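J.: In my numbering, the protein residues as written are 998 to 1139.
For every residue, glycine included, the Cβ atom is placed at its ideal position computed from N, Cα and C.
Bear in mind the structure is a predicted one, so any value in this text is a computation, not a measurement.
1. Exposed or buried, residue 1123, counting other C-beta atoms within 10 Å across all chains shown (16 or more means buried)?
2. Kindly give me the distance between the Cβ atoms of residue 1126 and residue 1074, rounded to whole angstroms, as I take these residues to be in contact under 8 Å.
3. Just the Cα atoms here: how many angstroms apart are residue 1047 and residue 1054?
4. Mapping the DSSP letters down to three states, classify residue 1091 as helix, strand or coil.
5. Measuring only the C-alpha atoms, how far is residue 1085 from residue 1102?
6. Mind checking which residues open and close the alpha helix (DSSP H) that includes residue 1106?
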């Protein structure tokens, strides 16, 4: 078995990709859901503004990445697009928001960033909505 070939059709690889997607997706939801609640409460929003659009817009973009894209990641739907948003968000968290902080503050966002980069390279796997759509496209010659 060639462990370095990402095009292999091994069942264990697809099961592991599913497990990683589901675990990391739910783990990130635990960070995104409180931000969604903060957004929906309607009170004064105090959130890091890294692009100069204001804390509300920045919070909305973060909720889209951490909550919506995590759900899409769990499902394996628009996986690489969702991972792009998640990678960007974790890079900003690690290198901008916690840029001057010690490693212990950056560690979690760097771990998420690493896992998201691996998923970007290997894709969602065969146990995903993306794969089902691709399989159906091939069968019907869209």
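T.: A quick look at the data gives this:
1. Here residue 1123 refers to the residue found at position 126 when the chain shown is read from its first residue. Buried is the call here.
2. Taking the first residue of the chain shown as position 1, residue 1126 is located at position 129. Taking the first residue of the chain shown as position 1, residue 1074 is located at position 77. Their Cβ separation, rounded to whole angstroms, is 4 Å, which keeps residue 1126 and residue 1074 in contact under 8 Å.
3. Along the chain shown, one-based indexing puts residue 1047 at 50. Along the chain shown, one-based indexing puts residue 1054 at 57. One C-alpha to the other measures close to 10 Å.
4. Numbered from its first residue, the chain shown carries residue 1091 at position 94. It is helical.
5. Stepping through the chain shown from its first residue, residue 1085 is reached at position 88. Stepping through the chain shown from its first residue, residue 1102 is reached at position 105. So the two alpha carbons sit approximately 18 Å from each other.
6. Position 109 of the chain shown, counted from the first residue, corresponds to residue 1106. First-last of the alpha helix (DSSP H) with residue 1106: 1100-1119.
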